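K.L.:
Residue numbers (mature numbering (1 follows the signal peptide of the UniProt record, and there is no 0)): -16 to -1, 1 to 536.
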């Protein structure tokens, strides 16, 4: 994470610890924190889509936390820790700062914790040694599961093509639907367990302060209970503060434990409005993840290709919104069904069974899984000599092979510049798209004998032609030449005109050393442009560079 994010995370409790009463100064402090987070959102990236999205959602949560602690509440007066002997506002400033820094996101040990929202630590794990051993076991279980989900998402073409999740059949459709939330579930479990081992092992915290991040799956028999009890509660109190006003009382006036009966007296309409506001804030938080991914897409462009307009890039901002806005609708429908079942005299449990996860879960199309090699792949390669990723990909290709009858794959020839040609295949069954670059040797006017793997539509031929090239076709017949009107002369003397001290790299076609600026200007840029065209094949919107696209 970026330095500005760390500064913002420290600035929020620093301003809150001042216990400022003036609304203007509190707004100024909150605005400063939000500005730092917004800048960090634009400049900090991890290089992997999944982690960039998670980082963006974390930045969105930090914005909501700043609004919570600096505008909506006064934590020094409204919160109380179970170990407090005097109100926090009576402490010295430095103690107030660390007091606010130690506030648990789930309210563990604090006056605002709901009894049912966080499962307690098992009694037999309260001893320090037993607790550490239990969390180490969780790491050994959940980390391989996290990597397995990561590998499945990266190797399954449905996640990179934008095709419907159930396009691969009913069984794989369910696996595809569960893959991304399970990856988050397993990832948060092993990361939380690792942090718990460090905190408890160094005697910074007691074991009871580190319960498991998720509740029991058996409690998730309704959508409302899934979000309120089974899913993690790290953002619960930040999200629920936005909504109808709740009566504020000092935690020193009476017992700090929550009163379930008092919570039940809240009108249903008020509760539902607060629920809608919570999911609206959650949509904002995850949209920040979309924004970070969008900045990553914009920054893919090489510094030497500044003329490329950002408007041509796909826009993914707001991609996460529909999922979270559908949740209150699902809760409303669910409540109506349950109440109807009660009115008809049916058993509540039979009417309450739901699957809360399968409500339009969004798929991140912007490189969600990343390209990193997992530990599972390394172990399989070193121990058994198996390329695990290639094996899984070949398995997906085998079970979804195109039937002999009928044509279910379209091919497109793309002239994206004067010098670089490509062929794109679009599988009509799975929606998977692949680019086969015709890496034309523009400074010698010829193609390489072979580019890429053996699964290309056709073998590439070495056909020298100054200023010309050939297109790829799914045929063993000689490849037809690209029309001359598509071409522009690329004299062989161009390489000789390069500065003597210019940085050079081998040409992808002929392996001759040529200036890097030529490679970047005529190859790298256009591979990106073809990627833009791929994203729009089959869309109803006008295709960028449609004049350069021809179906083969």
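For glycine and all other residues, C-beta sits at the position ideal for the given N, C-alpha and C.
Since we're looking at a predicted model, the values are computed, not measured.
#1: I need the straight-line Cα distance from residue 280 to residue 273, nearest angstrom please.
#2: Give the DSSP bridge partners of residue 94, in chain order.
#3: Please determine, among 107, 46, 5, 366, the residue with the shortest C-alpha to C-alpha distance to residue 57.
#4: Taking 8 angstroms as the limit between beta carbons, can you name the residues of its chain near residue 149, skipping five residues before and five after?
#5: Using only alpha-carbon positions, find the residue among 67, 184, 365 that is nearest to residue 538.
#6: For the 8 angstroms Cβ check, are there 3 or more pairs between the region 42 to 57 and the region 5 to 15?
#7: On the three-state DSSP scale, how would you describe residue -5?
#8: Answer yes or no: do residue 305 and residue 271 have a C-beta to C-beta separation smaller than 9 angstroms?
#9: According to DSSP, simplified to helix, strand and coil, what is residue 312?
#10: Roughly how many angstroms separate the alpha carbons of residue 135 and residue 376, rounded to a whole number?
#11: What span of residues does the alpha helix (DSSP H) with residue 147 cover, start to end?
#12: On the three-state DSSP scale, how would you describe residue 187?
#13: Taking contact to mean 3 or more Cβ pairs, one atom from each stretch, closer than 8 angstroms, check whether the region 41 to 52 and the region -15 to -4 are in contact.
#14: Taking just the CA atoms, how far does residue 200 sit from residue 210?
#15: With a CB to CB cut of under 8 angstroms and the five nearest residues on each side skipped, what residues in its chain are close to residue 70?
#16: Quick one: residues in its chain with C-beta nearer than 7 angstroms to the C-beta of residue 96, no 5 flanking neighbours on either side, listed in chain order?
#17: Using DSSP with H/G/I as helix, E/B as strand and the rest coil, what is residue 102?
#18: Could you spell out the range, first to last residue, of the alpha helix (DSSP H) harbouring residue 270?
#19: Can you tell me which of the three DSSP states residue 562 falls into?
#20: Can you tell me which of the three DSSP states residue 371 falls into?
#21: Are the beta-carbon atoms belonging to residue 47 and residue 21 less than 9 angstroms from one another?
#22: Could you check which residue in 130, 152, 129 has the C-alpha nearest to that of residue 140?
#23: Hey, quick one: how far does the alpha helix (DSSP H) through residue 38 stretch, first residue to last?
#24: Give me the residue from 276, 147, 309 with the minimum Cα distance to residue 299.
#25: Nearest by alpha-carbon distance to residue 78: which of 66, 30, 1, 94 is it?
#26: For residue -10, which residues from the same chain have a beta carbon less than 8 angstroms from its beta carbon, with the 5 sequence-adjacent residues on both sides left out?
#27: Let's see if you can read the secondary structure: which residues bound the alpha helix (DSSP H) around residue 210?
#28: Does DSSP classify residue 29 as helix, strand or coil?
#29: Looking only at its own chain, which residues have a Cβ that is under 7 angstroms from the Cβ of residue -5, when we skip the five neighbours before and after it?
#30: Could you tell me which of 278, 253, 219 sits nearest to residue 263, measuring between CA atoms?
#31: Count the other CB atoms, across all protein chains shown, that sit within 10 Å of the CB of residue -8; report buried if there are 16 or more and exposed otherwise.
#32: Check each candidate in 83, 174, 92 and name the one with the smallest Cα separation from residue 127.
#33: So what's residue 194 in DSSP terms, helix, strand or just coil?
#34: One question on the structure: do residue 102 and residue 217 come within less than 9 angstroms of each other, judged by their Cβ atoms?
#35: With distance defined between alpha-carbon atoms, name the residue in 190, 208, 118 nearest to residue 177.
P.N.:
Result, derived from the coordinates:
#1: 11 angstroms
#2: 65
#3: 5
#4: 142, 157, 160, 161, 347
#5: Residue 538 cannot be examined here, being either before or after the span of the chain that is shown, -16 to 536.
#6: yes
#7: helix
#8: yes
#9: helix
#10: 9 angstroms
#11: Looking at the DSSP string, residue 147 is not in any alpha helix (DSSP H), and its letter there is neither H nor E.
#12: coil
#13: yes
#14: 9 angstroms
#15: none
#16: 63, 221
#17: coil
#18: 252 to 282
#19: Any question about residue 562 goes unanswered here, given that the chain covers just -16 to 536.
#20: coil
#21: yes
#22: 152
#23: 33 to 51
#24: 276
#25: 1
#26: 20
#27: No alpha helix (DSSP H) contains residue 210, which DSSP labels as neither H nor E.
#28: coil
#29: 17, 49, 50, 53, 54
#30: 219
#31: buried
#32: 174
#33: coil
#34: yes
#35: 118
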